[in-house]
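> Structure in structure tokens, see below.
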Amino acid sequence: MIDTKTKVKANLVLENGMTLSGWSFGYQNPVAGEVVFNTAMTGYPESLTDPSYFGQILVLTFPLIGNYGVPEDIVQDGLSKHFESEKIHVSGLIISDYSFNYSHWNAKISLSDWLIQHRIPAIYGIDTRQLTKILRESGTMKGFIRFNDLDMPEEPSCHFVDAVSIREIKTYGKGRYRIVLIDCGVKHNIIRNLIDRDATVIRVPWNYDFFQEEFDGIVVSNGPGDPKACVKTIENLKKALNEGFPMLGICLGHQLISLAAGADTYKLKYGHRSHNQPVMIEGTQRVYLTSQNHGYAVHPESLGNEWKIFCTNLNDHTNEGIKHRELPVFSVQFHPEASGGPADTMFLFDNFFDLVKKWMIK
417 MIDTKTKVKA NLVLENGMTL SGWSFGYQNP VAGEVVFNTA MTGYPESLTD PSYFGQILVL
477 TFPLIGNYGV PEDIVQDGLS KHFESEKIHV SGLIISDYSF NYSHWNAKIS LSDWLIQHRI
537 PAIYGIDTRQ LTKILRESGT MKGFIRFNDL DMPEEPSCHF VDAVSIREIK TYGKGRYRIV
597 LIDCGVKHNI IRNLIDRDAT VIRVPWNYDF FQEEFDGIVV SNGPGDPKAC VKTIENLKKA
657 LNEGFPMLGI CLGHQLISLA AGADTYKLKY GHRSHNQPVM IEGTQRVYLT SQNHGYAVHP
717 ESLGNEWKIF CTNLNDHTNE GIKHRELPVF SVQFHPEASG GPADTMFLFD NFFDLVKKWM
777 IK
């Protein structure tokens, strides 16, 4: 444990006026963002590096965080082995109890030191159970972390997807199937799963006219923020739907394909952020545990007749996936690549490549 004399007081101030006090264990810099909670028990290195959390202050509900430290940032074939992107994307971190003594065979650094390296503020000593109840009942809300009464940080005002998307085209793998990956904030394990299935992955910016490339299928990635802000992506996907290309959407990608199909999206009260969301694939009576991280959802009633519901969340009955009745196109709201979380639905990548193979021999 650290010397109590060296402790630095830190506050989380919520939009509703409530102030929760704790102690700093990250970088001491005031930040603002949307306060959201995740109920996963493990996987904080993956969550913190998930670009979908850009602009958000993340509350982890598991009572003890940091006990297994943080692994070394090993890059293999241009992809982080242990993280989901090249850096931490959350604006701040809130936890109940921090373990200053970490122990794991793979750990190279403490969570505290890692956060300081990336200039991310963090607070421990907050009653995260109380905070989660507030967010559950009132909905996610704006908040800011401050270290004195004069700190008044502002939320990021940029285009969230543009902030996390790649700037230039990058290619991974040397597989048979050429897959355009629209990067809206892609997790590295999505790319890895595509490469493992004999793909050459052409990772392009979110607003890039990918019809300039030669490809056999399209994957639309996860990412942060309101899907309706990605106007150019939606326009490109409308064209891709008209031409009948095989497509797979994941998380934000699911919402973008739905918008391109003429459906509507809406903001959830407090979102889905956990590793144990039960999802049923329609017509099968099979239920899978899924990893999820999103604050928006698709209105299933707004879908046209050419689309059918693919998956449904059994907790709140929100839409978790759609499938076209004729075209080789489907999308899911959850993360089949997991990392962290259950790998129960990784077979969906195989299903996508089956569609690509059939399309190629037409």
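Taking my numbering as reference, the numbering of the sequence shown is continuous, increasing by one, and the terminal residue is 778.
The beta carbon of each residue, even a glycine, is placed where N, CA and C say it ideally should be.
Note that this is a predicted model, so its numbers are computed, not measured.
1. Use the C-beta contact count for Q546: other C-beta atoms within 10 angstroms, 16 or more gives buried, fewer gives exposed.
2. K423: buried (16+ other C-beta within 10 angstroms of its C-beta) or exposed?
3. In or out: V491 buried (at least 16 other Cβ within 10 Å) or exposed?
4. Tell me, to the nearest whole angstrom, how far the beta carbon of Y514 is from that of I481; I am working on the premise that it is less than 8 angstroms.
5. Measuring CB atoms only, is the stretch 714-721 touching the stretch 694-704, in the sense that at least three cross pairs come out at less than 8 angstroms?
6. Look at the alpha carbon of V745 and the alpha carbon of T734, and state the distance between them as a whole number of angstroms.
7. How far does the beta strand (DSSP E) with N729 in it reach, from first residue to last?
8. Taking contact to mean 3 or more Cβ pairs, one atom from each stretch, closer than 8 angstroms, check whether the stretch 720-727 and the stretch 567-584 are in contact.
9. Please name the residue or residues paired with V452 in a DSSP beta bridge.
10. Based on the DSSP secondary-structure assignment, which residues constitute the bridge partners of P621?
11. Pull up the distance between the alpha-carbon of D732 and that of V596, whole angstroms please.
12. Per DSSP, what kind of secondary structure is M417 in: helix, strand or coil?
13. Between the beta-carbon of C667 and the beta-carbon of S468, is there less than 9 angstroms?
14. At the level of alpha carbons, what is the spacing between F516 and L509?
15. In its own chain, which residues sit with a C-beta less than 8 angstroms from the C-beta of M762, not counting the 5 before and 5 after it?
16. Less than 9 angstroms separating the beta-carbons of S637 and G669?
17. Please classify Q628 as buried or exposed, where buried requires at least 16 neighbouring CB atoms within 10 angstroms.
18. Express the C-alpha separation of D567 and L531 in angstroms, rounding to a whole number.
19. In whole angstroms, give me the CA-to-CA distance for D760 and I738.
20. Work out the CA separation of E570 and V447 for me, nearest whole Å.
21. Quick one: what's got a C-beta closer than 7 angstroms to D599's C-beta in the same chain, skipping five residues either side?
22. Alpha carbon to alpha carbon, how far is N692 from C646?
23. If you follow the beta strand (DSSP E) that V580 is part of, which residue opens it and which one closes it?
24. Can you list the alpha helix (DSSP H) stretches of 4 or more residues lying completely in the stretch 612-664, in chain order?
25. On the DSSP letters alone, give me the boundaries of the beta strand (DSSP E) that G559 sits inside.
26. Would the stretch 429-447 and the stretch 535-544 be scored as touching if the rule is three or more Cβ pairs under 8 angstroms?
27. What span of residues does the alpha helix (DSSP H) with E462 cover, start to end?
28. Please list, in chain order, all residues of the same chain as D632 whose beta carbon is under 6 angstroms from its beta carbon, the five residues on each side excluded.
29. State the CB to CB distance for the pair E488 and D466, rounded to an integer number of angstroms; the pair is presumed to be in contact (CB under 8 angstroms).
30. What's the gap between the Cα of P461 and the Cα of V486?
31. Grab the span of the beta strand (DSSP E) containing I525 for me, first residue to last.
32. Considering just the uninterrupted stretch of the alpha helix (DSSP H) at Q671, what are its terminal residues?
33. Quick check on the burial criterion: 16 or more other C-beta atoms within 10 angstroms. Buried or exposed for P640?
34. Put E553 into one of helix, strand or coil per three-state DSSP.
35. Would L705 and G559 be called neighbours here (beta carbons separated by less than 9 angstroms)?
Straight from the coordinates:
1. Exposed is the call here.
2. K423 comes out exposed.
3. With fewer than 16 other CB atoms across the displayed protein chains lying within 10 angstroms of its CB, V491 is exposed.
4. Indeed, because the Cβ distance is near 6 angstroms, the residues count as touching under 8 angstroms.
5. With the cut-off at 8 angstroms, the stretch 714-721 and the stretch 694-704 do not touch.
6. The C-alpha of T734 is placed about 20 angstroms away from the C-alpha of V745.
7. Unbroken beta strand (DSSP E) run through N729: W723 to N729.
8. Taking 8 angstroms as the limit for Cβ pairs, the verdict is that the stretch 567-584 does not touch the stretch 720-727.
9. In DSSP, V452 forms a bridge with L474.
10. In DSSP, P621 forms a bridge with D599.
11. So the alpha carbons of these two residues sit roughly 33 angstroms apart.
12. With a pLDDT of only 46 at M417, under 50, the local geometry of the prediction cannot be trusted, and no value is derived from it.
13. Yes. Within cutoff.
14. Approximately 16 angstroms, taken between the alpha carbons.
15. Answer for M762: N609, P752, E753 and A754, listed in chain order.
16. Yes, they are a contact pair.
17. Q628 counts as exposed, since fewer than 16 other C-beta atoms from the protein chains shown sit within 10 angstroms of its C-beta.
18. Cα to Cα, the separation comes out at about 20 angstroms.
19. In a straight line, the C-alpha of D760 is about 18 angstroms away from that of I738.
20. Roughly 7 angstroms separates the two Cα atoms.
21. Contacts found: S581, I582, R619, V620, P621, W622 and S637.
22. Those two C-alpha atoms are separated by around 29 angstroms.
23. Unbroken run through V580 is the alpha helix (DSSP H), F576 to V580; no beta strand (DSSP E).
24. Here the runs fully enclosed are 647-659.
25. M557 to R562 is the extent of the beta strand (DSSP E) around G559.
26. With the cut-off at 8 angstroms, the stretch 429-447 and the stretch 535-544 touch.
27. E462 -> alpha helix (DSSP H) spans Y460 to L464.
28. Around D632, the same chain offers Y593, R594, V772 and M776 as residues with beta carbons nearer than 6 angstroms, after the five sequence neighbours per side are excluded.
29. With a Cβ gap of about 19 angstroms, E488 and D466 do not count as contacting.
30. A direct Cα-to-Cα measurement between P461 and V486 gives close to 7 angstroms.
31. Bounds of the beta strand (DSSP E) holding I525 are A523 to I525.
32. For Q671, the enclosing alpha helix (DSSP H) has its first and last residue at L668 to A676.
33. P640 comes out buried.
34. Looking at E553 - three-state DSSP - the assignment turns out to be helix.
35. For L705 and G559, no; Cβs fall outside 9 angstroms.
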